[in-house]
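Here's the structure, in structure tokens; my notes come after.
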Amino acid sequence: MVDARALVVGASSDIGRAVAVMLASLGMPVTLWGRDRDRLRQTAELCPDATVDVVDVTDAADLQRAATELSASGPLGVVVYVAGLFDWALADQADPAVWKRLFDVNLTAAATLTTHVIGPLLAAAPSSLIYIGSGAAHQAFPYNAAYVASKHGLAGLAEAVFLDVRDRDVKVSLISPGLVAAGGGLTSPAGQQRPQELLAAEDVAEAVRFVVTFPARGCPTQIRLQPQRNPV
Ligand SMILES: NC(=O)c1ccc[n+]([C@@H]2O[C@H](COP(=O)([O-])OP(=O)(O)OC[C@H]3O[C@@H](n4cnc5c(N)ncnc54)[C@H](OP(=O)(O)O)[C@@H]3O)[C@@H](O)[C@H]2O)c1
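See below:
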């Protein structure tokens, strides 16, 4: 698997960057997707063998183009889907366009990407397909209906895809962190007041490492991470 490539979708985020750096440390060439070219380049500078592709995962044609180029670039051993949007609104005050965008990124694009990469992952098996979930994949929170629903959907996607490919040696895993001192987590009250007590992006990367390096006879199908100290 060391010769196989890893794809990180959302490699422009702090969590995606930590995941890419960790996968590169395992000796894997990494392909980095996202929309922010500068931040993707900053991630690439930390990885010895990195390819950057500016991809909007909600653009079906762009996704197809990028996936085709990816499969032409050699065996695909790992895919990590980090891309995600957050929203904070009471259901009766939510903007339907914001909810649609959130579902497009958090769930529809994750599912569409799955259809593109599952063939290459099967061809390169043993291999790993990992989705970054959230505490909201397992529990409801107020002001968060679309996010909660999208992450519950992602949990269902991961669980069902695992059943489809488990006998063909593709691990499928959902890694669900609580508050991380990165991205949206830094805008929370705890993230503003006590970021050092939240999870770090590198902690999420460690969970990805656990899945990827776990013996091929087993699959950590769900990992839930929480800050040791209650952030609320
Ligand atoms: N931070 C937390 O506390 C926390 C906790 C649990 C789970 N998570 C999950 O971790 C992931 C990263 O979250 P974050 O808080 O670190 O947020 P973030 O910094 O805002 O990162 C979001 C990522 O999603 C990518 N993305 C968004 N829309 C995209 C699109 N249309 N096409 C391609 N890429 C797109 C962004 O890339 P571009 O900007 O380059 O488009 C960026 O890399 C999310 O799935 C989130 O649900 C975060």
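All you need for our numbering is the position in the sequence shown, starting with 1, plus 26. Even for Gly, the Cβ is constructed at its ideal location relative to N, Cα and C. The model shown is predicted, which means the values in this text are computed figures rather than measured ones.
Taking the CA atoms as reference points, Gln90 sits about 10 Å from Thr141.
Taking non-hydrogen atoms of ligand 1 into account, the C-beta of Val81 is found less than 8 Å away from one of them.
Taken from the Cβ of Gly204, at least one heavy atom of ligand 1 lies inside 8 Å.
Taking a C-beta distance under 9 Å as the contact criterion, Phe188 and Lys197 qualify as a contact pair.
Taking the CA atoms as reference points, Asp82 sits about 12 Å from Ala93. Closer than 8 Å to some heavy atom of ligand 1: that does not describe the Cβ of Lys197. Within its own chain, the residues whose Cβ lies closer than 7 Å to the Cβ of Leu148, once the five positions on either side in sequence are excluded, are Val191, Arg194 and Val196, listed in chain order. Contact between Ala44 and Ala231 holds: their C-beta atoms lie close to 4 Å from each other, under 8 Å.
By the Cβ-count criterion, Pro253 is buried, with 16 or more other Cβ atoms from all chains shown falling within 10 Å of its own Cβ. No Cβ-Cβ contact shorter than 9 Å links Ala30 with Ala50.
Per DSSP, Pro241 is not a residue of any beta strand (DSSP E), being assigned neither H nor E. No heavy atom of ligand 1 is found nearer than 8 Å to the CB of Phe129.
In this structure, the C-beta of Val35 approaches ligand 1 to less than 8 Å from one of its heavy atoms. Distance from the C-beta of Leu49 to the nearest heavy atom of ligand 1 is not below 8 Å. Val234 counts as buried, since at least 16 other C-beta atoms from the protein chains shown sit within 10 angstroms of its C-beta. In the DSSP assignment, Leu200 is bridged to Tyr157 and Gln248. In this structure, Ala37 keeps its C-beta atom at 9 Å or more from the C-beta atom of Leu52. Annotation for Ala32: no alpha helix (DSSP H) segment contains it, though the beta strand (DSSP E) segment containing it runs Arg31 to Val35.
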